[in-house]
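Novice:
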Amino acid sequence: ESWPRDAAELSETIVKAAHVLFDLVDVVILQIDASAKHLVGLPVGETRQRIKELVFPLQSNNPIVIAAHARNISFLPDAAVPSIMEEQMLRLLGSEAFICIPMTADKACQGLLIGGIGRWQIPMLRQRDRLLMLFADQVAVSLLKGSHQARPPGPEARG
Numbered sequence: 057e058s059w060p061r062d063a064a065e066l067s068e069t070i071v072k073a074a075h076v077l078f079d080l081v082d083v084v085i086l087q088i089d090a091s092a093k094h095l096v097g098l099p100v101g102e103t104r105q106r107i108k109e110l111v112f113p114l115q116s117n118n119p120i121v122i123a124a125h126a127r128n129i130s131f132l133p134d135a136a137v138p139s140i141m142e143e144q145m146l147r148l149l150g151s152e153a154f155i156c157i158p159m160t161a162d163k164a165c166q167g168l169l170i171g172g173i174g175r176w177q178i179p180m181l182r183q184r185d186r187l188l189m190l191f192a193d194q195v196a197v198s199l200l201k202g203s204h205q206a207r208p209p210g211p212e213a214r215g
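Mind the numbering: the sequence shown is residues 57 to 215 in my numbering, read in order.
#1: Mind checking who MET159 pairs with in its DSSP beta bridge?
#2: According to DSSP, is HIS204 helix, strand or coil?
#3: In chain order, what residues of the same chain have a beta carbon less than 8 Å from the beta carbon of VAL195, not counting five sequence neighbours either side?
#4: By alpha-carbon positions, which one of ALA73, LEU66, ASN117 and PHE131 ends up nearest to TRP176?
#5: Are ALA153 and ILE173 close, meaning C-beta to C-beta below 8 Å?
#6: With distances taken from CA atoms, which of ILE157, GLU142, GLU65 and LEU181 is nearest ASN128?
#7: If we call anything under 8 Å between Cβ atoms a contact, is LEU114 one with ILE155?
#8: Could you tell me which residues DSSP puts in a beta bridge with PRO113?
#9: To the nearest angstrom, report how far apart ARG186 and LYS72 are at their CA atoms.
#10: Does DSSP put ALA136 in a helix, a strand or coil?
#11: Please state if the CB of GLY171 and the CB of VAL83 are separated by a distance shorter than 8 Å.
#12: Between GLU68, VAL197, SER139 and GLN144, which has its C-alpha nearest LYS163's C-alpha?
See the structure below:
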């Protein structure tokens, strides 16, 4: 197959690869916006329409944002009672848990690759953490290369 021609095709390729390699139910990509103040949802996979409304301020105490700052893999929800944001993500992904994998390129966190999982998958995915990180970093590099369209605008630029 040839290299994806546009952002939509690249997104579909990422979703398929994540499913085949790691058995992720669905995938959400949150990218740091042009202002570097928010994580903004990129439309990929089955979540395409609903993801556009996802915006997480980088200054919040949200577990998803904390996962981006930590720069290591997180499995959420990790508390008995999920936060409202975690509940929304679980509904969006249609899963009982999700994995947050930081995407790094040019020595900087570019965002998060989030995949829906079953809790039973956590031990297996923990053993594959290095491979997951390499995959997410490759996604970040691909998104940067493919961003003939610039980074997503912040929420203040949305109509």
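The beta carbon of each residue, even a glycine, is placed where N, CA and C say it ideally should be. Being a predicted model, the structure only gives us computed values, none of them experimental.
Specialist: The structure says:
#1: In the sequence shown, the residue the question calls residue 159 occupies position 103. Paired residues: GLY167.
#2: Here residue 204 corresponds to residue number 148 of the sequence shown, with the count starting at 1. Summary for HIS204: the model assigns pLDDT 43, below 50, so the residue's position carries little reliability; its value from the coordinates is reported in the next sentence. It is coil, neither helix nor strand.
#3: Position 139 of the sequence shown, counted from the start, is the residue given in the question as residue 195. ILE70, ILE85, MET159 and LEU169.
#4: Position 120 of the sequence shown, counted from the start, is the residue given in the question as residue 176. It is PHE131 whose Cα lies nearest to the Cα of TRP176.
#5: For the purposes of this step, residue 153 is taken as the residue at position 97 of the sequence shown. For the purposes of this step, residue 173 is taken as the residue at position 117 of the sequence shown. Yes; because the gap between Cβ atoms is below 8 Å, this pair is in contact.
#6: Stepping through the sequence shown from its first residue, residue 128 is reached at position 72. Among ILE157, GLU142, GLU65 and LEU181, the Cα nearest to that of ASN128 belongs to ILE157.
#7: Within the sequence shown, numbered from 1, the residue matching residue 114 stands at position 58. Within the sequence shown, numbered from 1, the residue matching residue 155 stands at position 99. It is not a contact, given that the beta carbons lie outside the stated cut-off.
#8: One-based indexing of the sequence shown puts residue 113 at position 57. In DSSP, PRO113 forms a bridge with HIS94.
#9: Taking the sequence shown and counting its residues from 1, the one referred to as residue 186 is at position 130. Taking the sequence shown and counting its residues from 1, the one referred to as residue 72 is at position 16. One C-alpha to the other measures close to 19 Å.
#10: Looking up residue 136 in the sequence shown gives position 80. Looking at ALA136 - three-state DSSP - the assignment turns out to be coil, as it is neither helix nor strand.
#11: Counting from one through the sequence shown, the residue named residue 83 turns up at place 27. Counting from one through the sequence shown, the residue named residue 171 turns up at place 115. Yes, they are a contact pair.
#12: In the sequence shown, the residue the question calls residue 163 occupies position 107. It is VAL197.
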